[in-house]
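Undergrad:
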Amino acid sequence: MSNIIMFIDQLTRYAYLQQALIAAILVGIICGVIGCFIILRGMALMGDAISHAVLPGVVIAYMLGASFFIGATITGVLTALAIGYVSQNSRIKDDSAIGIMFTAAFALGIVMITGLRGTGVDLWHILFGNVLAVSRSDLYVTLGIGSFVLLMIIIFYRPLLLSTFDPIMAKATGIPVRLIHYLLMLLLSLVTVASLKTVGIVLVVAMLITPGATAYLLTDRLPVMLTLSALFGVLSAVIGMYYSVVYDVASGASIVLVASFFFGLAFFFSPKQGIITKKWRSRMVQKA
């Protein structure tokens, strides 16, 4: 109880903590929402690819004196397009193309970072995140990206829904399935960029997948899944921030661990899909 009081006291006293908490909540919401579509489309590896592929864009942006967010967005979109081009113009399948492109881009980013070693620049926080270092301008960018992503999902909800569950039917009804796919890749890139400072490149895929996977175990309806996923993202952000501040541990890792804990609870105790719940229900049936 005393730790909670201390956390609230620090939160009301320090502006950087308030900014960090708001940024973490925003990231939890947008990662949770976009992650649902990534899971339902079986594109978890694509999320991993884009989240890692933005690294060279971040480094190039720094070298040119531009914003990290611009470089990361451009690199993420180019990687998504390159993966599609390779898989459509060769015998290489999607998963192989993803593995090739994202490892190449990530390796390029690592080489570029080590090449800047003599400049005294530390870009490693981009890999692992530090939500406590979020500035007011970072917060505004995250808010802008989050608003745009949620607006696009609301506007294109029906095409996204149809192309996710029945792409053949969606194509027959005139929905540009390929265009919707690339729109989703753009939104995924933007969400990754918005999450850079909060959880970092290495851990952002966990925030994209884990809250959505948790919600997927609890419901069969997409609107409910989107709501639950965003809720788990927010709870993970708030509780993870609390442990990060109180126990002085890595913020991004704390947030991801809390999200993983929620997934564990759903995996074992979900009313319909939980392992323990199903065993208990089968025992009750046998006794009856």
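Heads up: take any position in the sequence shown, counting from 1, add 2, and you land on this note's numbering. Glycine is no exception: its CB is placed at the ideal position from the N, C-alpha and C atoms.
DSSP state of Phe158, grouped into three classes?
TA: It is coil, neither helix nor strand.
Undergrad: How should Leu153 be labelled, buried or exposed, when 16 other C-beta atoms within 10 angstroms of its C-beta is the threshold for buried?
TA: Under this definition Leu153 is an exposed residue.
Undergrad: Excluding five sequence neighbours on each side, which residues of the same chain lie with their C-beta closer than 7 Å to the C-beta of Ala51?
TA: Cβ neighbours of Ala51 beyond the five flanking positions: Thr81, Ile85, Ile100, Met103, Phe104.
Undergrad: Starting from the C-beta of Tyr245, find all residues in its chain whose C-beta is less than 7 Å away, skip the five residues before and the five after it, and write them out in chain order.
TA: Within the same chain, Tyr245 has close Cβ partners Val251, Ser256.
Undergrad: Do Ser165 and Ala174 have their C-beta atoms within less than 8 Å of each other?
TA: Taking 8 Å as the Cβ cut-off, Ser165 and Ala174 do not qualify as a contacting pair.
Undergrad: Do Thr194 and Val56 have their C-beta atoms closer together than 8 Å?
TA: Cβ atoms of Thr194 and Val56: closer than 8 Å.
Undergrad: In terms of alpha-carbon separation, which member of Leu220, Arg138, Phe263 lies closest to Ala2?
TA: Nothing about residue 2 can be read from this structure; the chain reaches only from 3 to 290.
Undergrad: Helix, strand or coil: how does DSSP classify Lys350 here?
TA: Beyond the ends of the chain as shown, which are 3 and 290, falls residue 350; an answer cannot be given.
Undergrad: Straight-line CA distance for Ala26 to Ile241?
TA: Spanning the two alpha carbons is a distance of roughly 10 Å.
Undergrad: Counting Cβ pairs, one atom from each stretch, are 3 or more of them under 8 Å apart for the segment 64-80 and the segment 209-226?
TA: With a cut-off of 8 Å, the segment 209-226 and the segment 64-80 do not count as touching, because too few Cβ pairs lie within range.
Undergrad: Thinking C-beta only, is Leu230 closer than 8 Å to Thr221?
TA: Yes; because the gap between Cβ atoms is below 8 Å, this pair is in contact.
Undergrad: Who are the Cβ neighbours of Val248 in its own chain at under 8 Å, not counting the five residues just before and after it?
TA: Once the five neighbours on either side are set aside, the close Cβ partners of Val248 are Asn5, Met8, Phe9.
Undergrad: With a 10 Å radius around its C-beta and 16 neighbouring C-beta atoms as the bar for buried, classify Gln90 as buried or exposed.
TA: Per the 10 Å Cβ criterion, exposed.
Undergrad: Rounding to the nearest angstrom, what Cα-Cα distance links Arg285 and Met227 in this structure?
TA: Taking the straight line joining both Cα atoms gives about 29 Å.
Undergrad: Residues in the same chain with beta-carbon distance under 6 Å from Ile277, minus the five sequence neighbours each way, listed in chain order, please.
TA: Result list for Ile277: Phe270, in chain order.
Undergrad: Have a look at Leu118, Leu83, Asn132 and flag the residue whose alpha-carbon is nearest the alpha-carbon of Tyr64.
TA: Nearest option by C-alpha distance: Leu118.
Undergrad: Taking just the CA atoms, how far does Val206 sit from Leu198?
TA: Between Leu198 and Val206, the C-alpha separation is close to 8 Å.
Undergrad: Counting C-beta neighbours from all protein chains within 10 Å, is the total for Val79 16 or more, i.e. buried, or is it exposed?
TA: Its Cβ being crowded by 16 or more others within 10 Å, Val79 is buried.
Undergrad: Going by DSSP, what residue range makes up the alpha helix (DSSP H) through Lys95?
TA: No alpha helix (DSSP H) contains Lys95, which DSSP labels as neither H nor E.
Undergrad: Could you round the C-beta distance between Leu190 and Ile41 to whole angstroms and report it? I think they count as a contact, below 8 Å.
TA: In fact, because the Cβ distance is near 12 Å, the residues do not count as touching under 8 Å.
Undergrad: Between Gln12, Leu145, Pro58, Asp168, which has its C-alpha nearest Ile24's C-alpha?
TA: Taking only the C-alpha atoms, the option nearest Ile24 is Leu145.
Undergrad: Rounded C-beta distance between Ser98 and Ile203? I'm assuming under 8 Å.
TA: Wrong, their Cβ atoms sit about 22 Å apart, outside the cutoff.
Undergrad: Quick check: Pro161 and Ile182, are their CB atoms within less than 8 Å of each other?
TA: In contact: Pro161 and Ile182 (Cβ atoms closer than 8 Å).
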